[in-house]
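Just so you know, the protein sequences line up as chains A and B, in that order. If you read the first sequence in the working numbering, its first letter stands for residue 1, the second for the next number, and so on. If you read the second sequence in the working numbering, its first letter stands for residue 1001, the second for the next number, and so on. Before any comments, here is the structure.
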Amino acid sequence: MRFSLKSPAAVLILCLLGGCSGAQSALDPGGPQAQHLARLFWIFTGVCTVVWVAVMLVLLASLVRRTPARPDPLRLDARSERRSLAVVGGAVFATLLTIIALTALSYLSQRQLFARERPAVTIKVTGQQWWWDVRYESDAPDRTVTTANEIYIPVGRPVTVKLAATDLIHSFWVPSLFGKQDLIPGQDNEIQFTASRPGVYRGQCAEFCGWQHAHMGLVVVALPANEFQNWLTAQAAPAAEPEDAERKRGAEIFAAKACIMCHTVRGTSAGSRVGPDLTHFGSRKTIASATLPMSRGNIAAWIVDPQGIKPGVNMPNVSIASNELDPLVSYLAGLR
Amino acid sequence: MTAVESTAQEDLRDTHLDDAELHARLTRTWRTGASLLARLSSVDHKVIGRRYIITALLFLCLGGLSAMVMRIQLAQPEAKLLGPDVYNQLFTMHGTTMMFLFAVPVMEAFGVYLVPLMVGTRNIAFPRLNAFSYWIYLFGGIFLWVSFVLKIGPDAGWFAYVPLSGPEYSPGKRVDVWAQMITFTEVSALAVSVEIIVTVFKQRAPGMTLDRIPLFVWSMLVTSFLILFAMPAVMVASTMLILDRLVGTHFFNVAEGGDSLLWQHLFWFFGHPEVYIIFIPATGMVSSIIAAFARRPVFGHLPLILALIAVGFLSFGLWVHHMFVTGLPQLGASFFTASSMLIAVPNGIQIFCWLATVWDGRPIYKTPLLFVLGFIAIFVIGGLSGVMVASVPIDAQVHDTYFVVAHFHYVLIGGAVFPLLGAVYFWFPKITGRMMNEKLGRWNFWLAFIGFNIAFFPMHILGLQGMPRRVYTYLPEMGWGPLNLLSTAGAIVLFASFVVLLVNVLLSAARGAPAGDNPWDAGTLEWATTSPPAPYNFPRIPFVTHREPLWDNRESLPVVTGLSVDAREVLAGTVTESFPQLRESSPQPSIWPLLAAISVAAAFLVSIFTPWAVVWGSIPVAITLTGWFWPKGTPEDEE
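Here it is in structure tokens:
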């Protein structure tokens, strides 16, 4: 018993010492909702730990306790039976009270968590195999921004995320900001959360959605309000004209190859909505749904062998001549 | 039974025969022959129960091996051992095998073997249906695993959510294999439920009033009713899925007015009771083992029975907690929080009653009891993390993460597999006539207990660190590597414990010490007969005077007589008092159940390729069923 309890205990201590932070931890909250969820989690964990320890103590006590041998198993002591009944009855009653208290606590925090404010930003996220289409809604058409796999939000302001799916069920989950919510074809779901400090929060699809479910990540970037507005303005603009010869050639390759069949680069002839919008691709922090960090090398790797990096992904291996790769990468990296 | 005395000479009864003569004649009447045909025709519940148990344990082995391969893949980030295709098949095969081909069947298997012995009858009710159910189960399992070997293993998860499992996103035959395998196991499980319910209600030994039914038998009875009401939901769902895929209906097609959440409601309306279909028989095993090794009847017999029934009812009111993040109305969801948490009360009653039993008893530390003590330590953790996931807000974070993987393995391995392993050690002497090795048993227990906790406890933390379920790999920068490696190390230890079990079973079956009738000095009726039991179970039907008949009648068990020794007869009684009413004839061995199972399996199998199989396949099914039910001209039941 002693040895076996050691390792979970060690792990638990490891966790308490900071192992619970990490790239996308639910116990490393970045906003009031996640904070609230983490607090509720620790309260439940505390109560449950007390209950488990109590049960184990009673079990151990009943094992080490000296009882006389039982030649006749049917001879029971009426007094000790009555005492057991009283203790068991009391324990059941205590269980019932605990359950009622936890249910009430759960319901109250549920109401608080799902309370709605007027949002500062409304973002529509559409899940697809295996990336996230992100649209900032606005009454002015020229302020409607489309991007992919990265969500920028203003710090300290409530953000509403509308969740939709076109193919199958996905689940939107950024643990440090809020619990998950499913994206379901034919149904509109919505969550609201706030980030209380600037930073980058990683998230991931949480509902099994086929081959690349494991690599369907996303990034939420919280910026101070003015920086967020600058970002939004920059994103609303169409792609800048290529400034040098190499990027011009890259743009021609992009338009001549299969790239243009699926992607949009606003301000050019590329306008397909099958794959992610690439208008400001170079400004993103990651490639391939938060699978690779943004770098020239990774862009090249992704173009040359998407099926090697994410087997089954809908982006095909397109044949690119070796002298075409550099201009294409320059063009894409320059879409800032 | 006065009329009995006046019947003709050839109607020989067990009343006046001496023991040797009785044994010889009853054996001739009830035995399973040695030829292959005779073996395939057997309708003896012990023969079929043994086959069921061994088959289910073989599927446990396959399910465990698939888990080991997955654990090795996940031991480090971005490992290249498996790609998403094979990994998705493996976790689907693991879940499907463990739930449908191991956990439910193995519990039914123990029920098939033990319930008739525990209630003191000669065979299970509807013995041919019992044979049929085993063959259907076997064919369903083989069908699934052969498909996997042929690289058409299902890959949409054991829950097969639409639209992923629908015709558009799962072309090919993979999901059809899964859905049709469900049909096989449904048929088999429903058949066993009916047999057990009727056996318990009608075939109990005289004197075994409702109040004297052993707790294991109660648990099998409640489970059978759960199967009866839960299985139709998944039957409807999987049939609709097959229809969507095969003939183009649109039950789940959103574009044509279908609904993708309908699948989840139907699946979990079955899926949650399913957990209790597995867990409730395990509680019966725990009660049997605790009574024998704490040397006293289980404390709180009546509260335990009421708790079982309460769990059974409540289990149908929880399914929505699998869908808390699908965007349900908040108030509606919170009702399911309340009902999910409420089930902790009857489960608490059970734990407290067992603790009170151990407290007052004088525990004897044999392997079966070790597994039960391990069960309490692990299952309580699983139950408590269940209280956590029942909360809508907490579930929003941990749903579909490794926290939930940890939770349900604590519940299912802790709550069902540990008691089951205890049950293997406990009843192995009865089934084989030989004791299992105690030293290997202790190794088995400690490896399992330590390995299990190292394998699964870290998963709680991984889930909170954001690791979702059903991912074939993860990025190095997520920081999940060390805990996954630890978990894999634990899984290897857990796996080793099953190797020890296998060695122990094989060694003990060949060379174990002879067990005798009642090696543990337990109190219930299965220990009254020889080990292994004779084909007719009991030379004369026992008369039950107490919940623990063998403790109440130390010298010799009172018996009733009057059953024929030359024809297969069982005693049928009233439901509540078990007052004898009929000498019911029990069917002879027959090859027809096997032939019927073959024709049904063929119809099921071909129907995933063409709907016409339903039409043409019904002809051999009709022929074999006609053969099965052809009147034999044997005398009917007598008052």
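Backbone N, C-alpha and C fix where the C-beta goes; we use that ideal spot for every residue, glycine too.
Handout entry: Outcome for Lys1632(B) when other beta-carbon atoms lying within 10 angstroms are tallied against a minimum of 16
Key = For the purposes of this step, residue 1632(B) is taken as residue 632 along the second sequence, with counting starting at 1. Exposed, since its Cβ has fewer than 16 Cβ neighbours within 10 Å.
Exercise for the section: Helix, strand or coil for Ala222(A), going by three-state DSSP, please let me know. Expected result: Along the first sequence, read from residue 1 onward, the residue named residue 222(A) stands at position 222. Here DSSP, grouped into helix, strand and coil, assigns Ala222(A) to strand.
Practice task
Run the CB neighbour count on Ile1394(B), radius 10 Å, all protein chains shown included, and call it buried at 16 or more, exposed below.
Solution key: Start at 1 with the first residue of the second sequence, and residue 1394(B) comes out as number 394. It counts as buried.
Problem - alpha helix (DSSP H) segment containing Asn1088(B), residue limits - result: Stepping through the second sequence from its first residue, residue 1088(B) is reached at position 88. For Asn1088(B), the enclosing alpha helix (DSSP H) begins and ends at Pro1084 to Thr1096.
Practice task
Could you tell me whether any Cβ in chain A is nearer than 8 Å to the Cβ of Ile1351(B)?
Solution key: In the second sequence, counting from the first residue as 1, residue 1351(B) sits at position 351. So, interface residue.
Practice task
Note down, in chain order, each residue of its chain lying with its Cβ closer than 7 Å to the Cβ of Phe1498(B), except the 5 sequence neighbours on either side.
Solution key: Reading the second sequence from its first residue, position 498 is the one you call residue 1498(B). Once the five neighbours on either side are set aside, the close Cβ partners of Phe1498(B) are Gly1064.
Practice task
Compute the Euclidean distance between the alpha carbons of Leu163(A) and Gln129(A), then round it to the nearest angstrom.
Solution key: For the purposes of this step, residue 163(A) is identified with residue 163 of the first sequence, where counting begins at 1. For the purposes of this step, residue 129(A) is identified with residue 129 of the first sequence, where counting begins at 1. Looking at the two C-alpha atoms, the distance is approximately 15 Å.
Practice task
Drop a sphere of 10 angstroms on the beta-carbon of Ser1238(B), count the other beta-carbons inside from all chains shown, and report buried for 16 or more, exposed for fewer.
Solution key: In the second sequence, residue 1238(B) corresponds to position 238, counting from 1. Buried: at least 16 other Cβ atoms inside 10 Å.
Handout entry: Cross-chain neighbours of Met1341(B) in chain A, by beta carbon under 7 Å
Key = The residue given as residue 1341(B) occupies position 341 in the second sequence. Per Cβ cutoff of 7 Å: Ile99, Leu102 and Thr103.
Problem - Spatially closest choice to Phe1148(B) from Gln1089(B), Ala1448(B), Arg1122(B) and Ile1124(B), by CA coordinates - result: Taking the second sequence and counting its residues from 1, the one referred to as residue 1148(B) is at position 148. Per the Cα distances, Gln1089(B).
Exercise for the section: Answer yes or no: does any C-beta atom of chain B fall closer than 8 Å to that of Ser171(A)? Expected result: Counted from its first residue, the first sequence places residue 171(A) at position 171. So, interface residue.
Practice task
Could you list the residues in the segment 40-63 of chain A with a C-beta less than 9 Å from some C-beta on chain B, going in chain order?
Solution key: Leu40, Phe41, Phe44, Thr45, Val47, Cys48, Thr49, Val51, Trp52, Val55, Met56, Val58, Leu59, Ala61, Ser62 and Leu63
Practice task
Assuming Lys310(A) contacts Thr279(A) (C-beta within less than 8 Å), just tell me the rounded distance between them.
Solution key: In the first sequence, the residue the question calls residue 310(A) occupies position 310. In the first sequence, the residue the question calls residue 279(A) occupies position 279. With 8 Å as the limit, Lys310(A) and Thr279(A) do not qualify as a contact, their Cβ atoms being about 22 Å apart.
Exercise for the section: Kindly indicate which three-state DSSP category Gly1207(B) falls into: helix, strand or coil? Expected result: For the purposes of this step, residue 1207(B) is taken as the residue at position 207 of the second sequence. Looking at Gly1207(B) - three-state DSSP - the assignment turns out to be coil, as it is neither helix nor strand.
Exercise for the section: State yes or no: is the beta carbon of Asn149(A) nearer than 8 Å to at least one beta carbon in chain B? Expected result: Numbered from 1 along the first sequence, position 149 holds the residue referred to as residue 149(A). Not closer than 8 Å to any Cβ of chain B, the Cβ of Asn149(A) fails to qualify, so no.
Exercise for the section: Identify the contact partners of Asn1437(B) in chain A, using a Cβ-Cβ distance below 7 Å as the criterion. Expected result: Mapped onto the second sequence, residue 1437(B) falls at position 437. Per Cβ cutoff of 7 Å: no residues; Asn1437(B) is ~22 Å from chain A at best.
Problem - Coarse secondary structure for Phe1270(B), derived from DSSP in three states - result: Within the second sequence, residue 1270(B) is the residue found at index 270, counting from 1. Correct three-state label for Phe1270(B): helix.
Exercise for the section: Could you please give me the residues that DSSP links to Asp182(A) through a beta bridge? Expected result: What you label residue 182(A) is simply residue 182 of the first sequence in a count that begins at 1. Ser171(A), per the DSSP bridge assignment.
Handout entry: Per-residue DSSP class, three states only, for Lys285(A)
Key = Numbered from its first residue, the first sequence carries residue 285(A) at position 285. In this structure, Lys285(A) counts as coil in the three-state DSSP scheme.
Practice task
Using three-state DSSP, classify Trp302(A) as helix, strand or coil.
Solution key: One-based indexing of the first sequence puts residue 302(A) at position 302. If DSSP states are grouped into helix, strand and coil, Trp302(A) belongs with the helices.
Exercise for the section: List the residues of chain A whose Cβ lies closer than 7 Å to the Cβ of Gly1382(B), in chain order. Expected result: As a first step, residue 1382(B) is located in the second sequence; it is residue number 382 there, counting from the start. Chain A residues near Gly1382(B): none, gap ~10 Å exceeds 7 Å.
Exercise for the section: Tell me whether Pro141(A) sits in a helix, a strand or coil according to DSSP, three-state version. Expected result: If you number the first sequence from 1, residue 141(A) lands on position 141. If DSSP states are grouped into helix, strand and coil, Pro141(A) belongs with the helices.
Handout entry: Min CB distance Glu1477(B) to chain A below 8 Å
Key = For the purposes of this step, residue 1477(B) is taken as the residue at position 477 of the second sequence. Interface annotation, Glu1477(B): in contact with chain A, CB-CB separation under 8 Å.
Practice task
Measure the alpha-carbon distance for Gly282(A) versus Thr146(A) and round it to whole angstroms.
Solution key: Mapped onto the first sequence, residue 282(A) falls at position 282. Mapped onto the first sequence, residue 146(A) falls at position 146. Cα to Cα, the separation comes out at about 14 Å.
Problem - Residue of Gly308(A), Thr49(A) and Trp231(A) minimising C-alpha distance to Arg143(A) - result: Here residue 143(A) is taken as the residue at index 143 of the first sequence, counted from 1. Among Gly308(A), Thr49(A) and Trp231(A), the Cα nearest to that of Arg143(A) is on Trp231(A).
Practice task
If I'm right that Gly1207(B) touches Val1112(B) with Cβ under 8 Å, what's the distance once you round it to whole angstroms?
Solution key: The sequence position of residue 1207(B) within the second sequence is 207, counting from 1. The sequence position of residue 1112(B) within the second sequence is 112, counting from 1. Wrong, their Cβ atoms sit about 24 Å apart, outside the cutoff.
Practice task
Give a yes or no on whether the minimum CB-CB distance between Arg143(A) and chain B is below 8 Å.
Solution key: Stepping through the first sequence from its first residue, residue 143(A) is reached at position 143. So, not an interface residue.
Problem - Endpoints, alpha helix (DSSP H) assigned at Thr126(A) - result: Mapped onto the first sequence, residue 126(A) falls at position 126. First-last for Thr126(A): Val121 to Gln128, but that is the beta strand (DSSP E), not the alpha helix (DSSP H).
Handout entry: For Ala23(A), the three-state DSSP class (helix, strand or coil)
Key = Residue mapping note: residue 23(A) aligns to position 23 of the first sequence, counting from 1. Looking at Ala23(A) - three-state DSSP - the assignment turns out to be coil, as it is neither helix nor strand.
Exercise for the section: Verify whether the separation of the beta carbon atoms of Arg1122(B) and Tyr1402(B) is less than 8 Å. Expected result: For this step, residue 1122(B) is matched to residue 122 along the second sequence. For this step, residue 1402(B) is matched to residue 402 along the second sequence. It is not a contact, given that the beta carbons lie outside the stated cut-off.
Exercise for the section: In the DSSP assignment, find the alpha helix (DSSP H) that holds Arg247(A) and state where it starts and stops. Expected result: Position 247 of the first sequence, counting from 1, holds the residue named residue 247(A). Element bounds for Arg247(A): Ala245 to Ala256.
Handout entry: 8 Å Cβ cutoff, Phe1132(B) in contact with chain A
Key = Your numbering for residue 1132(B) matches position 132 in the second sequence. No, no contact with chain A.
Problem - CB contact flag (Ala1344(B), Val1387(B), <8 Å) - result: In the second sequence, residue 1344(B) corresponds to position 344, counting from 1. In the second sequence, residue 1387(B) corresponds to position 387, counting from 1. Yes.
Exercise for the section: Could you check what DSSP says for Phe3(A) in three-state terms: helix, strand or coil? Expected result: Numbered from its first residue, the first sequence carries residue 3(A) at position 3. Any reading at Phe3(A) must be qualified, since the residue scores a pLDDT of 39, below 50, and its modelled position is unreliable; the value itself is stated next. Phe3(A): helix per DSSP, three-state reduction.
Problem - Chain-ordered chain B contacts of Asp182(A) [CB-CB under 8 Å] - result: Sequence index remark: in the first sequence, residue 182(A) carries index 182 (1-based). In chain order: Val1325, Thr1326 and Gly1327.
Practice task
From the DSSP output, in three-state form, read off Glu150(A) for me.
Solution key: As a working mapping, residue 150(A) is identified with position 150 in the first sequence. It is a strand residue.
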